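Everything on this sheet refers to the single structure shown next.
Residue numbers (this note's numbering), protein chains in the order written: chain A, 1 to 404; chain B, 405 to 742.
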């Protein structure tokens with residue numbers, strides 16, 4: 001095995017790719033700019049949208065209640081709500097979003113409060129519409145408070161202590177250090193992103209180095225050179241692997257930097273919610289490094305598998321149609337690890353991608369199950385070796401190389 | 405002289421499947437495939453001695469490129485034997501290709517986006533060419549191909565002619581004694597073609613380089629090769645001197661006459677009534693085609709001159725293109741073997 005020839009091919013492909021704008025965009029620009037923009041931008045956008053929804057003064061209708069002036073008068077004092085005159089088609093009004101909610105006060109409600117008779121207050125709202133939910137919440141708060149006040153009054157009237165309804169208090173206190181909290185929130189996301197970016201980073205060069213080369217007609221000429229096919233495929237493979245790892249590393253690095261930057265700019269004008277969200281974005285660097293170590297064999301597997309599959313294709317376009325569905329095959333197990341309740345076990349530890357995704361989730365929270373780590377790393381290495389072997393073997397087959 | 409390249413009963417077959425027509429056919433193709441074997445090269449035998457320049461022609465899909473690919477070692481023959489420069493190409497490919505140069509006219513081994521010189525430097529490393537030899541040869545290539553002016557231009561910005569010169573230089577960087585050219589002049593203009601041909605002649609003269617070239621341009625063959633091989637449907641139809649092919653297959657000859665004035669036109673037409681094959685080219689120019697086996701040229705010329713007054717007279721052979729067209733159509737070589 002001559003490493004020199006492999007390195008010649010590797011260098012050639014590297015130089016070639018670095019001059020290619022498309023590779024540069026998918027390998028460098030996308031991870032550096034897009035990923036932090038997506039994650040931070042999306043979260044700050046959603047916080048802003050929430051705030052705006054909260055700031056809107058919802059219009060609410062009061063249905064009935066003519067014989068309960070005390071309750072209606074108190075209700076009308078609720079802050080941040082605009083009451084509009086009732087109409088018969090209140091349901092349509094809510095559906096059309098002209099009115100956010102409606103409160104139906106049953107007949108004789110004030111009197112029932114006095115007599116102790118049970119009545120039902122109905123609140124109409126639009127499920128899933130956040131502004132309607134806010135309006136409904138403030139109505140519920142009003143009536144819950146009213147109910148509690150009524151209960152207190154009734155207890156006081158009968159000379160009973162309030163503790164009869166509330167025998168004890170419950171206090172829950174978080175003891176997890178902040179990086180573990182961050183790890184749980186981001187923990188699932190980091191491996192998912194690293195795995196996905198390894199895939200996307202490898203995809204373009206894999207297609208370019210095989211199907212693209214066929215399409216440009218440079219495959220025959222490179223096959224004519226005194227470089228063995230094994231060296232050729234290994235050189236190409238190393239280039240694809242480099243692209244995969246570079247994409248993943250750059251994106252994680254740029255995300256870390258942008259989180260740091262976002263945190264250091266904490267100051268005036270920042271909402272409480274946003275500050276809290278950022279406080280959770282603390283990561284244990286050791287955990288992230290461990291994730292990279294675990295993803296390494298996966299990246300090898302991707303690079304080799306993508307190379308092998310796109311080698312089958314006659315053209316770039318054909319390669320794209322082979323690889324796009326593969327994206328889903330990769331995303332599914334990576335996402336499955338994010339589902340609550342899926343825990344690592346011996347069987348899952350043998351499923352490629354899912355196993356790495358699961359163990360990485362533990363690694364970022366600082367939990368190291370060495371048995372699983374060994375098993376997962378080992379099995380991933382086996383899968384990677386199989387994929388690489390397949391790629392090398394396929395490169396020896398002239399019916400694949402010259403498929404027309 | 406001992407042959408440099410020796411090919412014996414060489415065959416190559418591919419397995420493909422018949423594609424059915426239409427949407428339903430495409431669906432059927434997914435499940436049932438009607439495989440059949442295509443004999444791309446069928447028991448071809450030839451030898452080439454050092455310093456020969458051989459033209460290898462045939463219609464599209466005849467098996468030319470497949471033969472070249474087997475000779476360069478990138479395809480493994482289905483059966484038969486190949487030996488070239490003392491190597492079995494596909495078995496000893498890595499040592500063997502250091503002794504050959506290959507140029508595919510429609511492909512390039514140069515990097516598309518990168519200056520030409522970078523590709524040369526890479527090839528120098530791949531072929532282990534010492535720096536001194538490399539510099540010397542670059543100087544020589546510049547001298548005969550004039551490539552220095554665009555050494556620092558990316559390949560995609562070169563014209564086809566410029567690119568072909570660079571590709572030739574790239575293929576010859578390691579000074580191989582054998583050069584395979586697959587349609588080297590395809591798409592080139594007349595001047596560029598001429599330049600390439602001159603270079604190949606010089607190469608053959610000075611370094612005794614053996615050249616096997618496939619082409620569709622028969623001028624390439626006439627200007628470069630004394631020997632021609634014709635392949636169709638994988639079978640070698642003819643292998644021999646170009647002159648002999650012409651001599652054997654030249655069936656018709658034509659006499660072109662330019663009449664003195666329009667008064668001669670009715671007389672010229674009387675020639676046609678006497679059984680001569682007369683075509684009018686324009687008002688005063690006529691072409692008479694005749695079978696040279698049946699009619700002696702002198703006899704015909706005398707008859708024409710006796711009948712009409714002519715200002716000009718030209719005797720032409722059937723062009724090589726016409727002959728090859730007849731060969732491809734399948735009726736010509738029966739005459740040779742007959």
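Just so it is clear, CB atoms sit at the ideal spot from N, CA and C, and this is done for glycine as well.
Since the structure is predicted, the reported quantities are computational estimates derived from the model, not experimental observations.
*Which residues does DSSP pair with residue 242(A) in a beta bridge?*
Looking at the DSSP assignment, residue 242(A) forms no beta bridge with any residue, so it has no partner.
*At a Cβ cut of 7 Å, what residues of the stretch 509-523 of chain B count as close to chain A, listed as they run along the chain?*
510, 511, 512, 513, 515, 516, 517, 518
_In the DSSP output, what is residue 657(B) paired with across the bridge?_
694(B), 721(B)
*Could you pull the start and end residues of the alpha helix (DSSP H) that residue 321(A) belongs to?*
316-336
_Chain-ordered chain B contacts of residue 311(A) [CB-CB under 9 Å]_ = Within 9 Å Cβ-Cβ: nothing; residue 311(A) doesn't reach chain B, min ~15 Å.
*Kindly indicate which three-state DSSP category residue 477(B) falls into: helix, strand or coil?*
In the displayed model, residue 477(B) falls within coil according to three-state DSSP, outside both helix and strand.
_Suppose only complete runs of 3+ residues qualify. What are the beta strand (DSSP E) ranges in the stretch 494-571 of chain B, listed by chain order?_
504-508
*Same chain, Cβ closer than 7 Å to residue 691(B), five either side skipped, listed in chain order*: 658, 660, 683, 685
_At a CB distance below 7 Å, what residues from the stretch 469-501 of chain B approach chain A? Give them in sequence order._
476, 478, 479, 480, 498, 501
*Between residue 419(B) and the rest of its own chain, which residues show a CB-CB distance below 6 Å, the 5 nearest in sequence each way excluded?*
439, 441
*Mind listing the chain A neighbours of residue 460(B)? Cutoff is C-beta to C-beta under 9 Å, in chain order.*
The premise fails here: residue 460(B) is roughly 17 Å from chain A at the closest Cβ pair, so nothing lies under 9 Å.
_Less than 8 Å between CB atoms is the rule here; does residue 235(A) satisfy it with respect to chain B?_
Chain B contact via Cβ: absent.
*So, is residue 380(A) buried or exposed, given that buried needs 16 or more other C-beta atoms within 10 angstroms?*
buried
*Mapping DSSP to helix, strand and coil, what is residue 3(A)?*
Residue state for residue 3(A) is assigned as helix, using DSSP reduced to three classes.
*Between which two residues does the beta strand (DSSP E) containing residue 681(B) stretch?*
681-684
_By the three-class DSSP mapping on this structure, what secondary structure does residue 127(A) have?_
coil
*Flag residue 16(A) as yes if its beta-carbon sits less than 8 Å from any beta-carbon of chain B, otherwise no.*
yes
_Candidates 669(B), 733(B), 570(B), 715(B), of which the one nearest residue 519(B) by Cα_ = The residue among 669(B), 733(B), 570(B), 715(B) with its C-alpha nearest the C-alpha of residue 519(B) is 570(B).
*Nearest-angstrom beta carbon gap, residue 452(B) and residue 414(B) [assumed within contact, 8 Å]*: Not confirmed; about 13 Å, so no contact.
*What do you reckon, is the C-beta of residue 59(A) under 7 Å from a heavy atom of the ligand GDP?*
The model depicted lacks the ligand GDP and carries no ligand whatsoever.
*Cα separation between residue 267(A) and residue 326(A)?*
Its pLDDT being 48, under 50, residue 267(A) is placed unreliably in this model, and the value from its coordinates should be taken loosely. If I take the Cα positions, the gap works out to 45 Å.
*If you count every other CB in all the chains shown that lies within 10 Å of the CB of residue 349(A), and 16 or more means buried, which is it?*
By the neighbour-count criterion, in which 16 or more other beta carbons inside 10 Å mark a residue as buried, residue 349(A) falls on the buried side.
*Secondary structure of residue 687(B), DSSP reduced to three states*: Residue 687(B) falls in the coil class under three-state DSSP.
_At the 8 Å Cβ level, is residue 554(B) part of the contact set with chain A, yes or no?_
No, its Cβ sits nowhere closer than 8 Å to a Cβ of chain A.
*Using 8 Å as the Cβ pair cut-off and three pairs as the minimum, do the stretch 203-223 of chain A and the stretch 37-55 of chain A touch?*
Proximity of the stretch 203-223 of chain A to the stretch 37-55 of chain A falls short of the contact definition, fewer than three beta-carbon pairs being nearer than 8 Å.
_Give me the chain A residues within the contact set of residue 350(B), using Cβ-Cβ distance strictly less than 8 Å, ordered along the chain._
The requested residue 350(B) does not occur in the structure, where chain B is confined to residues 405 to 742.
*asked:* Please report whether the beta-carbon of residue 506(B) lies at a distance below 8 Å from any beta-carbon of chain A.
replied: yes
*Under 7 Å Cβ-Cβ, which residues of chain A neighbour residue 529(B)?*
Among the residues of chain A, those whose CB is under 7 Å from the CB of residue 529(B) are 8, following chain order.
*Could you tell me the distance, in whole angstroms, from the CA atom of residue 631(B) to the CA atom of residue 447(B)?*
C-alpha of residue 631(B) to C-alpha of residue 447(B): approximately 20 Å in a straight line.
_Separation of residue 65(A) from residue 58(A), as counted between CA atoms_ = Each residue's alpha carbon lies about 20 Å from the other.
_Contained beta strand (DSSP E) runs [length at least 3] in the stretch 75-136 of chain A, N- to C-terminal order_ = 82-84, 101-105, 122-125
*Hey, which unbroken runs of the beta strand (DSSP E) at 3 residues or more fall wholly within the stretch 609-674 of chain B?*
614-618, 631-636, 639-645, 656-663
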